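Notes follow once the structure below has been shown.
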Amino acid sequence: MESTRRYASIGSAIATASLIAAIAAAELVPDPAWAWLLTAAALLAFCAGIGYGISGHFNGLVIDNRNRVSLSKLQASAWSVLVLSAFLAASIVRIKLNLPNPIAVNIPQELLAVMGISATSLVATPVLLSFKSKEAAPPGQAQRTALMLGDDPKNLVATGKVYARNSSDDAQWLDIFRGEEVSNAATPDLGKLQQFLITVVALTIYSIQLWHLFGANPPAQAGTTFMDALPAFSANMAWLIGISHAGYLAYKAAPHDNGTAPAGSSQTSALQDGSVG
């Protein structure tokens, strides 16, 4: 209990300071490009502070209820930080320049669609896994997978076919590239790898676009249209991201073991009666 309160106090302090820093960076830094970059860094620190306050880990915001690092949470967080930092920085700079309707910064529809796609995956992922958590897994599979991952089999949680740990201390960054079920949680998931790479490429390209857009519009030369819209987002890239997410969710919904074990002989029963290990 004491450690939980300490985490909450430290995390809250970090989150509060980071939020203040995000606003201060956009307000005080004269160069719009650096103002945006520092604002993004401050919002990232805010997310880390919230994660630490809740779980005692700076990456706690992207750890799911199965105590695994979640790709869908990571993607949703990344897009939120990128877009909101740009919107905040642009709006405050426009306020400093006394431009009319300073918060009227247009966000491209394709970019909004990508954020919506990420949010959909964030919601759909636990729904799909909840169905598999009610199915029995092959006997002994969870224990074998735990040993392959370096986890203690005694620290697993009974969730049917879905692999889950009982502590966020055991969460690993490589979880974002691994399967979700006890049958594939220790093996690479190519759907996740593809989606991660596409997301990194899209985030990198759009970050560079933002940097050049801010840098190309110094306040001394800016007119009323300064930063009245974020950079255009490629429709083809939006489609690619959408297709990748659709494939990711379809793969997650598909079965990945060689068969279903009888309910009475599954590893779920073993975990529940404490006989694992």
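With numbering that gives the first Met the number 0, letter number 66 in the sequence shown gets 65, and the count goes up by one each step, no holes. Cβ atoms here follow ideal geometry from the backbone N, Cα and C, with glycine treated the same way. All figures in this text were calculated on a predicted structure; none of them were measured in a lab.
Proximity to residue i [Cα-Cα], best of the options
i    : options                 : result
M114 : L43, S76, Q142 and R143 : S76
P125 : R93, G50, L37 and R67   : R67
A185 : S54, V200 and A141      : A141
D169 : L146, I9 and Q108       : L146
Q108 : P254, A234 and S129     : A234
A253 : N58, L81, K72 and E179  : E179
Y205 : S167, A85, G149 and S54 : A85
A215 : L229, T203 and H255     : L229
W51  : E134, A157 and R5       : Residue identity differs from the one stated: residue 51 is Tyr in this sequence, not Trp. Measuring from the Cα of Y51, the nearest candidate turns out to be R5.
W78  : L110, K95 and A88       : L110
P31  : D188, V200, L43 and L87 : L87
Residue i - partner residues in DSSP beta bridges
i    : result
A228 : N105
P187 : R177
L155 : R164
I62  : V68
6 angstroms CB neighbourhood of residue i in its chain, flanking five on each side removed
i    : result
Q74  : S117 and T198
S264 : For S264, the predicted model reports a pLDDT of 37, less than 50, meaning its position is unreliable; a value from the coordinates is still stated below. P138.
Q194 : S243 and Y247
Q171 : none
Check whether residue i and residue j have beta carbons under 8 angstroms apart
i    : j    : result
R143 : L155 : no
F176 : R93  : no
V291 : C46  : Given a span of 0 to 276 for the chain in the structure shown, any question on residue 291 remains unanswerable.
N-terminal and C-terminal residue of the alpha helix (DSSP H) that residue i is part of
i    : result
R177 : R177 -> no alpha helix (DSSP H), and no H or E assigned at all.
V68  : Note, V68: premise wrong, no alpha helix (DSSP H); not H, not E.
K133 : Per DSSP, K133 belongs to no alpha helix (DSSP H) and is neither H nor E.
W33  : P31 to S54
Q140 : Q140 to L148
N235 : A234 to A252
7 angstroms CB neighbourhood of residue i in its chain, flanking five on each side removed
i    : result
A103 : D227
A41  : S17, A20, A21 and A24
Residue-chain proximity (residue i, chain B), Cβ-Cβ < 8 angstroms
i   : result
A32 : No chain B appears in this structure, which consists of one protein chain only.
Cβ neighbours of residue i in the same chain (closer than 8 angstroms, five flanking residues each side left out)
i    : result
T223 : L98 and P99
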